[in-house]
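To start, the structure itself, in structure tokens.
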Amino acid sequence: MQVSDILRCASATAYETGDNLDGLKRDLAFSVVHLINMAKAELERSLECVQNP
Numbered sequence: 002m003q004v005s006d007i008l009r010c011a012s013a014t015a016y017e018t019g020d021n022l023d024g025l026k027r028d029l030a031f032s033v034v035h036l037i038n039m040a041k042a043e044l045e046r047s048l049e050c051v052q053n054p
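Quick note: the sequence shown uses the numbering used here, first residue 2, plus one each step.
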């Protein structure tokens, strides 16, 4: 399993959790989704730099 797969699963889990919440707890869950997606984008940029110097 690759790190990008782990981040994708974590994002999906946080999203599904947030979808069943409301108020501040929902906001926090979707904040986690956003942070995970930012980490995934950074990982993909880093991998692209390594593969295409």
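Where is the CB? At the ideal position from N, CA and C, for every residue including glycine.
Are the CB atoms of residue j and residue i within a distance shorter than 8 Å?
{"i": "Leu44", "j": "Ser5", "result": "yes"}
{"i": "Ala15", "j": "Ala30", "result": "yes"}
{"i": "Gly19", "j": "Val34", "result": "yes"}
Residue i by DSSP, collapsed to three states: which one?
{"i": "Asp23", "result": "coil"}
{"i": "Asn38", "result": "helix"}
{"i": "Gln52", "result": "helix"}
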